[in-house]
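Here this note's numbering is used: the first residue of the sequence shown is 751, the next is one more, and so on.
Beta carbons are placed, not taken as given, at the ideal position from N, Cα and C, and that holds for glycine.
All of these numbers come straight from a predicted model, not from anything done at the bench.
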Amino acid sequence: MLTSKEQKRAADEISNSSNVIGKGTVLEGNIETYGNIRIEGRIIGNIKSKSKIALGNASHVEGNIIAQNADLEGEVKGKIDVSELLVLKSTAVIHGDISTGKLVVEPGALFNGSCKMGSPIKDIKLGENGARTPHAQEIRLN
């Protein structure tokens with residue numbers, strides 16, 4: 751049995767891990783991770799992270815994004831829920847509603863939807879059965 755110190759260390763190791771979906775990669779399914787994730791390719795499905803999600807400028811996401819923090823450079827078609835800081839870089843194109851604690855929008859970023867700021871977002875829970883894309887499989891990283 752793990753002590754509370756060992757459990758905390760294991761949780762810290764998981765949350766400090768990073769995952770990358772490379773450019774040219776097309777992934778159909780939901781992604782859940784405790785660590786950071788950087789996406790350069792295309793995702794058809796929802797993405798949840800207890801840490802940070804970063805989308806590269808050539809990335810495309812067709813699904814909802816839920817994270818603690820996010821830096822978005824690519825295109826998103828779906829709802830975005832970020833509990834702390836959401837940064838829309840100059841190349842970002844967002845088609846959907848945003849709910850976030852804090853928002854930074856660089857000149858050139860495009861956003862079509864509504865935005866709700868400052869209200870606390872509930873804790874991000876992984877492993878729950880949420881809305882799934884048709885015929886999608888769940889992919890758990892780290």
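The Cβ atoms of Thr783 and Asn796 lie no closer than 8 Å to each other.
In this structure, the beta-carbon distance from Lys827 to Ala859 does not fall below 8 Å. For Thr850, the closest alpha carbon among the candidates Ile816, Glu856, Phe861, Ala842 is that of Ile816. Under the three-state reduction of DSSP output, Lys827 falls in the strand class.
Of the candidates Ile787, Glu834, His845, the residue whose Cα lies closest to the Cα of Gly813 is His845. A straight line joining the alpha-carbon of Asn780 with that of Val843 spans about 21 Å. A distance below 8 Å separates the beta carbons of Glu825 and His810.
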